[in-house]
Every structure is written in structure tokens, then in C-alpha cells.
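*Asks:* Numbering (the numbering used here), first residue to last: 120 to 339. Where is the CB? At the ideal position from N, CA and C, for every residue including glycine. Starting off with a structure, shown below.
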Ligand SMILES: Cc1cc2nc3c(=O)[nH]c(=O)nc-3n(C[C@H](O)[C@H](O)[C@H](O)COP(=O)(O)OP(=O)(O)OC[C@H]3O[C@@H](n4cnc5c(N)ncnc54)[C@H](O)[C@@H]3O)c2cc1C
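Below you can see the structure in the form of C-alpha cells.
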């Protein structure tokens, strides 16, 4: 068994170009393409967002690649306008050499290490892994073995959404009401987008009490 930290990787894109593409699409509505300047997208996008004219944000998308636990992707896959490709517990056999014959689990962000609670969490996963490997030895298929995998199991997830949907997802998933493991991956992503596309993401609030040292590592 291996305990790992979650990560979130964002594809390298030209954010200014993306915002200029959004402006170009938006100006179709007013046939005001002649008003395009180097900086004109900034005011235009802010004005549209303030008026709720948000469908223009659907013309560009962002893809991320996460390593997170099953609980996190269970929550995120509820967002119907996003697209997902997720490591399959039906096809991946963690008892094989390819997976080092072990299950990877995500270190829980809401259980402190070196506590009795953490030991209990870890012991239960060790027990599950023991039974998983025993099932492999008995010739079980991943379809059968996945029945005993818990929420903490690590998975790779590729997630794509258009900018409008990302705004919506991040506004729901970076607050205190979201699960801490979801906040852990979504807050660093939101901060990255606020820095690179302020005109679009600046008004989305996040749980500022969530400890920075617990943010998932962001890979650009
Ligand atoms: C803090 C929190 C707690 C939650 N707890 C639970 C829970 O206990 N149990 C549970 O089952 N779920 C729970 N959820 C999931 C939640 O109910 C939504 O399913 C999830 O957040 C997806 O949000 P959404 O429907 O707004 O967004 P998306 O699916 O991302 O859709 C975006 C927007 O499109 C529109 N839209 C999409 N589909 C439709 C439709 N069919 N009809 C009309 N408009 C549509 C809506 O305006 C929607 O906001 C929770 C979510 C959060 C953030």
C-alpha cells in the first residue's frame, strides 16, 4: 500500500489568447469587431459577466489532470457540463506488476497524521489491501475486486469543462461547504485562474481559512 498526496495539473495554455477569442465570439452579438484593441477584452468580459451574459464563456475550455481520491471525483462528476476520463477500477488490477502490486491511497486532508484516528484509517486500508490481494490470488476480476475499494483509493482523472462551467464548479467547490478533499484540489486551481484570467475569475470567493500548506500541488 502506498499513501500519496493529491496533485492537479493544468494544461499549458495562452490565457490572453483565450480571452481574446471569447471577446471575438462575444462581439458577434453586437457586430462590434471593429472595437477590438489589445486590451478591449478586459472591459468587455467584465461587463458581460456582470450582466449575466455568460454564454460567451462557453467558447473556450480548460483541461486538468488530477490525482485525487474516489470521493473527490464522485463529487466533481456531478457537474453535468464537464467531461471526464477516469482510471477505471473495472479494468485496472492493482495486484499486477504494472501497479507495483499495491493499491495507492490519497492521504486524507481532514485526518491529522500521528493521531489515533489516522492509525485507524491506515489500519483499515491495510486490511482492505490484504483482502484485495487475496482476491487476486483467488483469480478474481477487477470487476469483483473493486467492490471492496474505499473512497480513499487514488485515481487519475482528466477533466475538461468550458470556462462558464469552470466558474460554476469553482464557485461551489472552493467554499467551506464543499468536502475538504475537494477544496484541496479546487482552491489552488481557482487561485491559478484568478491570477491568469482575473477578468473572469476575480469575483469567485474561496475558503480563505483552508490552510495553504494543505493545498494540492499544482503542476503547470
Ligand atoms: C456543498 C454541496 C453539497 C452537496 N450535497 C449533495 C448531497 O448531499 N446529495 C446529492 O445528491 N448531491 C449533493 N450535491 C451535488 C449538487 O446537488 C449538484 O448535483 C452538483 O453540485 C452539481 O451542481 P449543478 O447541478 O449546479 O451543476 P452542473 O451539473 O454543473 O450544471 C450547471 C448548471 O446548469 C443548469 N442545469 C444543469 N442541468 C440541469 C437540469 N437538468 N435542469 C435545469 N438546469 C440544469 C443549472 O443551472 C446548473 O447549476 C452537493 C453539492 C455541493 C456543492
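Inspect the beta-carbon positions of residue 193 and residue 122 and report whether they are closer than 7 Å.
*Replies:* Here residue 193 refers to the residue found at position 74 of the chain shown. Here residue 122 refers to the residue found at position 3 of the chain shown. The answer is no: Cβ separation not under 7 Å.
*Asks:* Can you name, in chain order, every residue of its own chain whose Cβ lies under 7 Å from the Cβ of residue 266, other than the five neighbours on each side?
*Replies:* Taking the chain shown and counting its residues from 1, the one referred to as residue 266 is at position 147. So no residue of the chain qualifies.
*Asks:* Within 10 Å of its beta-carbon, does residue 203 have 16 or more other beta-carbons around it, so buried, or fewer, so exposed?
*Replies:* For the purposes of this step, residue 203 is taken as the residue at position 84 of the chain shown. Per the 10 Å Cβ criterion, exposed.
*Asks:* Please go through the segment 226-295 and give each complete beta strand (DSSP E) segment of 3 or more residues, from N-terminal end onward.
*Replies:* 273-281
*Asks:* Could you tell me if residue 218 is buried or exposed, where buried requires 16 or more neighbouring beta carbons within 10 angstroms of its beta carbon?
*Replies:* Taking the chain shown and counting its residues from 1, the one referred to as residue 218 is at position 99. With fewer than 16 other Cβ atoms within 10 Å, it is exposed.
*Asks:* Taking contact to mean 3 or more Cβ pairs, one atom from each stretch, closer than 8 Å, check whether the segment 329-339 and the segment 287-305 are in contact.
*Replies:* The segment 329-339 vs the segment 287-305: in contact.
*Asks:* Taking Cβ positions, are residue 277 and residue 180 nearer each other than 7 Å?
*Replies:* Mapped onto the chain shown, residue 277 falls at position 158. Mapped onto the chain shown, residue 180 falls at position 61. With a cutoff of 7 Å on beta-carbon distance, residue 277 and residue 180 are scored as not near each other.
*Asks:* Can we count residue 172 as close to ligand 1, meaning its CB is less than 6 Å from some heavy atom?
*Replies:* The sequence position of residue 172 within the chain shown is 53, counting from 1. Every heavy atom of ligand 1 is 6 Å or more from the Cβ of residue 172, so no.
*Asks:* Starting from residue 218, follow the beta strand (DSSP E) in both directions and report where the run begins and ends.
*Replies:* Sequence index remark: in the chain shown, residue 218 carries index 99 (1-based). No beta strand (DSSP E) contains residue 218, which DSSP labels as neither H nor E.
*Asks:* Just how far apart, CA to CA, sit residue 285 and residue 158?
*Replies:* Start at 1 with the first residue of the chain shown, and residue 285 comes out as number 166. Start at 1 with the first residue of the chain shown, and residue 158 comes out as number 39. The alpha-carbon atoms of residue 285 and residue 158 are separated by roughly 23 Å.
*Asks:* Please classify residue 171 as buried or exposed, where buried requires at least 16 other C-beta atoms within 10 Å of its C-beta.
*Replies:* Locating residue 171 in the chain shown gives position 52, counting from the first residue. By the 10 Å Cβ count, residue 171 comes out exposed.
*Asks:* Output needed for residue 342: all residues of its chain with C-beta closer than 7 Å, excluding positions within five of it in sequence on either side, in chain order.
*Replies:* Here the chain comprises residues numbered 120 to 339, so residue 342 is not present and cannot be evaluated.
*Asks:* Going by DSSP in three states, residue 127 sits in which element: helix, strand or coil?
*Replies:* Numbered from 1 along the chain shown, position 8 holds the residue referred to as residue 127. The answer is strand: DSSP assigns residue 127 an E or B state.
*Asks:* So, for residue 271: in the same chain, excluding its five sequence neighbours on each side, which residues have a beta-carbon less than 7 Å away from its beta-carbon?
*Replies:* To locate residue 271, count along the chain shown from 1; it is residue 152. For residue 271, where only same-chain residues beyond five positions count, the Cβ hits under 7 Å are 188, 224, 225, 227, 244.
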